[in-house]
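Protein chains in written order, with the working numbering: chain A, 1 to 533; chain B, 534 to 589. All C-beta atoms, glycine included, are put in the ideal place defined by N, C-alpha and C.
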């Protein structure tokens with residue numbers, strides 16, 4: 001699928017649009033902050049599209065779309081949570097308070113919000129450390145998603161390793177050209193391209209299979225093609241949930257749906273987005289675009305991913321289900337489907353859709369890693385809170401180190417990893433930060449000790465669960481084998497239950513119990529935090 | 534429903550569409566609500582953020 005002329009034309013049109021909007025945006029207003037300084041409202045769609053473009057990446061479309069091709073349409077529960085928690089709860093409840101408290105405390109990063117709310121440099125430094133060390137898992141997932149699509153689109157020109165390097169170079173150029181600042185109009189354009197690309201993908205997919213009901217019926221009818229190995233784990237067909245309590249059910253429900261669905265609330269790069277708007281009015285209006293956007297992104301990816309099995313089985317060129325064609329690598333399924341089922345022009349447009357999705361997410365991830373290292377960890381812990389001219393330099397170092405670790409992980413991580421790595425990071429963030437973050441916004445009685453204890457509990461339980469209980473990770477990490485001569489200390493079903501199901505409730509209970517038993521923060525500080533609420 | 538037999542799956546399909554619809558209805562009903570004056574804290578925050586970005 002290589003048509004150099006068509007590719008050049010599509011890329012040129014895209015670059016022209018980006019350059020024009022960048023110039024137009026530069027002349028008119030630089031970014032959301034200029035609007036805020038001037039006391040003006042941004043366009044209702046812009047905040048939501050920029051949030052959506054940061055939230056959704058190649059991880060959701062390529063990684064989780066591939067997981068849907070393996071597990072089936074039950075994954076739509078994740079889309080429901082993406083909208084219900086990721087938009088409704090996040091915007092209406094968390095977003096409005098995050099914006100006000102962030103401004104009241106002059107907090108500019110997620111760890112800084114927690115640190116200033118709890119008057120604790122340690123809280124800020126620890127949160128920065130967790131983000132800096134573990135976010136590369138997520139940024140590598142986004143990188144791998146982009147590289148898998150490039151590799152499949154240009155099979156004669158690129159292999160996976162070259163594709164990883166090319167994407168890393170694109171991201172470096174983008175970041176150093178100032179892309180990290182997120183110019184409003186280019187952000188909105190990237191979001192709009194993603195929306196149109198996914199809409200076309202959905203319509204063409206259903207049209208190719210004879211309509212909505214016919215496509216679903218065809219998918220139901222091929223349940224007997226489920227590979228034996230998956231059937232043994234509880235797979236009952238692509239239009240059915242896995243058998244209740246089976247290993248596949250636990251993975252789908254606890255790791256994929258709950259881990260990612262809840263974890264979105266505590267994504268540092270998303271939480272700070274709310275601070276860049278002027279009033280709750282913009283957040284209210286953003287809910288409209290946000291809800292539709294997420295439905296069109298993840299909903300379409302999971303539906304198309306599942307239905308790709310019918311396409312591949314019916315097509316005489318393949319004659320097999322998706323998973324068999326990619327030798328079990330779920331990360332390759334969406335690229336393979338789009339490259340074969342869609343016309344060439346659409347493949348190139350979709351490639352730009354994916355690169356747009358990946359770049360907006362990657363740049364915000366590297367920004368979050370850089371500030372976590374420079375502003376939160378180094379300044380608060382090593383410089384003991386004294387602002388320094390070194391902070392900017394250290395933030396830049398943090399970004400560079402983040403890019404480097406991401407690329408190394410891109411080469412080293414195993415196949416079928418995109419969704420798993422994303423879910424691990426989201427789950428860890430939820431267990432470590434959610435009680436402290438929710439307490440910060442909603443409970444005046446939450447204490448500094450309660451926040452620290454809760455963050456520690458969530459982090460440590462998650463770590464121990466991965467090292468000694470959840471078999472997939474404990475086996476790969478090998479410490480359990482080394483110490484106890486067995487891959488896991490637990491038995492089924494605990495070996496397939498995601499840490500979030502244990503760590504988050506523990507972290508929540510610890511937050512409440514310790515806060516009730518320890519000294520409250522000064523009343524005037526609490527009043528300053530909750531001013532204008 | 535929609536060619537899907539398992540209620541746990543078609544419910545998910547439906548829940549996705551209904552939750553997106555809720556977003557549309559909520560946004561429209563609150564379209565003009567939530568306007569607030571710009572406080573000194575908001576302005577200071579934006580200026581500090583802009584300065585930090587420019588330095589970076």
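Check your understanding: Under 8 Å Cβ-Cβ, which residues of chain B neighbour residue 217/A?
Key -> Translated into positions along the first chain, residue 217/A becomes position 217. Here the neighbours are 536.
Point to revise | Proximity to residue 410/A [Cα-Cα], best of 68/A, 143/A, 227/A, 97/A | key: As a first step, residue 410/A is located in the first chain; it is residue number 410 there, counting from the start. That would be 143/A, whose Cα lies nearest to the Cα of residue 410/A.
Practice item. Below 8 Å on the Cβ atoms is my guess for residue 74/A versus residue 247/A; work out the distance and round it to an integer in Å. Key: Taking the first chain and counting its residues from 1, the one referred to as residue 74/A is at position 74. Taking the first chain and counting its residues from 1, the one referred to as residue 247/A is at position 247. Contact between residue 74/A and residue 247/A is ruled out by a C-beta separation of about 14 Å, above the 8 Å threshold.
Check your understanding: What does residue 103/A reach in chain B if we use C-beta pairs closer than 7 Å?
Key -> As a working mapping, residue 103/A is identified with position 103 in the first chain. By Cβ distance, chain B contributes 574, 575, 578.
Review point. Of all the alpha helix (DSSP H) runs that stay within the bounds of the segment 423-503 of chain A, which reach a length of 4 or more residues?
Key: 448-468, 471-477, 479-484
**Study point:** Contacts that residue 284/A makes with chain B (C-beta to C-beta distance below 9 Å)
**Key:** On the first chain, residue 284/A is found 284 positions in, with the first residue counted as 1. Under the 9 Å cutoff, chain B gives 559, 560, 562, 563, 564, 565, 566, 567.
Check your understanding: Taking the C-alpha atoms as reference points, what is the distance between residue 97/A and residue 106/A?
Key -> Taking the first chain and counting its residues from 1, the one referred to as residue 97/A is at position 97. Taking the first chain and counting its residues from 1, the one referred to as residue 106/A is at position 106. Taking C-alpha positions only, residue 97/A is separated from residue 106/A by approximately 14 Å.
Exercise for review: Indicate whether residue 297/A and residue 56/A have their beta-carbon atoms separated by less than 8 Å.
Suggested key: Residue mapping note: residue 297/A aligns to position 297 of the first chain, counting from 1. Residue mapping note: residue 56/A aligns to position 56 of the first chain, counting from 1. Contact: yes.
Practice item. State whether the segment 60-76 of chain A contacts the segment 375-393 of chain A, with contact taken as three or more CB pairs (one from each stretch) at a distance under 8 Å. Key: no
Check your understanding: Given 8 Å as the limit, is there contact between the segment 460-479 of chain A and the segment 424-433 of chain A, that is, 3 or more CB pairs closer than that?
Key -> yes
Review point. Given that a residue counts as buried once 16 or more other Cβ atoms are within 10 Å of its Cβ, and exposed if not, what is residue 575/B?
Key: Along the second chain, one-based indexing puts residue 575/B at 42. Buried, since its Cβ has 16 or more Cβ neighbours within 10 Å.
**Study point:** Spatially closest choice to residue 545/B from 303/A, 380/A, 449/A, by CA coordinates
**Key:** Counting from 1 along the second chain, the entry for residue 545/B is found at position 12. Of 303/A, 380/A, 449/A, the residue nearest in Cα terms is 303/A.
Check your understanding: Taking the alpha-carbon positions, what's the residue 299/A to residue 123/A distance?
Key -> Mapped onto the first chain, residue 299/A falls at position 299. Mapped onto the first chain, residue 123/A falls at position 123. Cα-Cα distance, rounded: 36 Å.
Review point. Hey, would you say residue 575/A sits closer than 8 Å to residue 587/B, going by beta carbons?
Key: No answer is possible for residue 575/A: it lies beyond the span of chain A, which begins at 1 and ends at 533.
**Study point:** Neighbourhood of residue 458/A by C-beta, 6 Å cutoff - its chain only, sequence neighbours within 5 removed
**Key:** Numbered from 1 along the first chain, position 458 holds the residue referred to as residue 458/A. 431, 432, 503, 507.
Review point. Among 120/A, 52/A, 273/A, which has the Cα closest to the Cα of residue 384/A?
Key: Start at 1 with the first residue of the first chain, and residue 384/A comes out as number 384. The shortest C-alpha separation from residue 384/A is found at 120/A.
Review point. Could one say the Cβ of residue 443/A lies closer than 8 Å to chain B's Cβ atoms, at least one of them?
Key: For the purposes of this step, residue 443/A is taken as the residue at position 443 of the first chain. No, no contact with chain B.
Point to revise | Spatial neighbours of residue 76/A in its chain, beta-carbon cut-off 7 Å, leaving aside the 5 residues before and after | key: Within the first chain, residue 76/A is the residue found at index 76, counting from 1. Scanning its chain for C-beta atoms nearer than 7 Å, with the 5 sequence neighbours on each side dropped, one finds around residue 76/A the residues 299, 302, in chain order.
Review point. Between the C-alpha atoms of residue 195/A and residue 541/B, what's the straight-line distance to the nearest angstrom?
Key: Numbered from 1 along the first chain, position 195 holds the residue referred to as residue 195/A. Numbered from 1 along the second chain, position 8 holds the residue referred to as residue 541/B. For residue 195/A and residue 541/B, the distance between alpha carbons rounds to 27 Å.
**Study point:** Touch test, the segment 219-228 of chain A against the segment 45-59 of chain A, Cβ-Cβ under 8 Å, three pairs minimum
**Key:** no
Review point. Taking the continuous alpha helix (DSSP H) assigned at residue 523/A, which residues delimit it?
Key: Looking up residue 523/A in the first chain gives position 523. It spans 523-529 - the alpha helix (DSSP H) in which residue 523/A sits, taken as one unbroken run.
Review point. Excluding five sequence neighbours on each side, which residues of the same chain lie with their C-beta closer than 7 Å to the C-beta of residue 318/A?
Key: Taking the first residue of the first chain as 1, we reach residue 318/A at position 318. So the qualifying residues of the chain are 312, 325.
Check your understanding: Taking only beta-carbon atoms, is residue 470/A less than 8 Å away from chain B?
Key -> On the first chain, residue 470/A is found 470 positions in, with the first residue counted as 1. Chain B, which has no Cβ nearer than 8 Å to the Cβ of residue 470/A, makes this no.
Point to revise | Pair within 8 Å by beta-carbon distance, residue 268/A and residue 110/A | key: Looking up residue 268/A in the first chain gives position 268. Looking up residue 110/A in the first chain gives position 110. A contact, by the Cβ cut-off of 8 Å.
Exercise for review: Would you please verify whether the beta carbon of residue 214/A is less than 8 Å from any beta carbon of chain B?
Suggested key: The residue you call residue 214/A lines up with position 214 of the first chain. So, interface residue.
**Study point:** Contact list for residue 106/A against chain B, beta-carbon separation under 8 Å
**Key:** Against the first chain, residue 106/A aligns to sequence position 106. Residues of chain B passing the Cβ test: 574, 577, 578, 581.
Exercise for review: Using 10 angstroms around the beta-carbon of residue 331/A, count the other beta-carbons present and answer buried if the total reaches 16, otherwise exposed.
Suggested key: By 1-based counting over the first chain, the position of residue 331/A is 331. Buried, because 16 or more other Cβ atoms sit within 10 Å of the Cβ of residue 331/A.
Exercise for review: Using a Cβ-Cβ cut-off of 8 Å, state whether residue 524/A counts as contacting chain B.
Suggested key: Within the first chain, numbered from 1, the residue matching residue 524/A stands at position 524. Judged by the 8 Å Cβ criterion, residue 524/A is not in contact with chain B.
**Study point:** Between the CA atoms of residue 253/A and residue 500/A - distance to the nearest angstrom
**Key:** The residue labelled residue 500/A in the question sits at position 500 within the first chain. The residue labelled residue 253/A in the question sits at position 253 within the first chain. Inter-residue distance for residue 500/A and residue 253/A is about 11 Å (C-alpha atoms, whole angstroms).
Review point. Any idea if residue 365/A is buried or exposed, counting beta-carbon neighbours within 10 angstroms, 16 or more meaning buried?
Key: Within the first chain, numbered from 1, the residue matching residue 365/A stands at position 365. By the 10 Å Cβ count, residue 365/A comes out buried.
**Study point:** Close beta carbons around residue 395/A, own chain, < 8 Å, minus the five adjacent residues each side
**Key:** Position 395 of the first chain, counting from 1, holds the residue named residue 395/A. Excluding sequence neighbours, residue 395/A sits near 370, 371, 373, 374, 375.
Review point. Can you list, in chain order, the residues of its chain whose CB lies under 6 Å from that of residue 255/A, leaving out five sequence neighbours each side?
Key: If you number the first chain from 1, residue 255/A lands on position 255. If we look at residue 255/A and ignore the five residues flanking it on each side, its Cβ neighbours are 423, 498.
Exercise for review: Label residue 305/A either buried or exposed according to how many other C-beta atoms from any shown protein chain fall within 10 Å of its C-beta, with 16 as the threshold for buried.
Suggested key: In the first chain, the residue the question calls residue 305/A occupies position 305. With 16 or more Cβ atoms within 10 Å of its Cβ, residue 305/A is classed as buried.
Exercise for review: Within 10 angstroms of the Cβ of residue 148/A, are there 16 or more other Cβ atoms? Answer buried if so, exposed if not.
Suggested key: As a working note, residue 148/A is residue 148 in the first chain. Per the 10 Å Cβ criterion, buried.
Review point. Around the Cβ of residue 549/B, are there at least 16 other Cβ atoms within 10 angstroms (buried) or fewer (exposed)?
Key: Within the second chain, residue 549/B is the residue found at index 16, counting from 1. Residue 549/B should be labelled buried.
**Study point:** residue 511/A and residue 419/A closer than 8 Å at C-beta
**Key:** By 1-based counting over the first chain, the position of residue 511/A is 511. By 1-based counting over the first chain, the position of residue 419/A is 419. Not in contact: residue 511/A and residue 419/A (Cβ atoms no closer than 8 Å).
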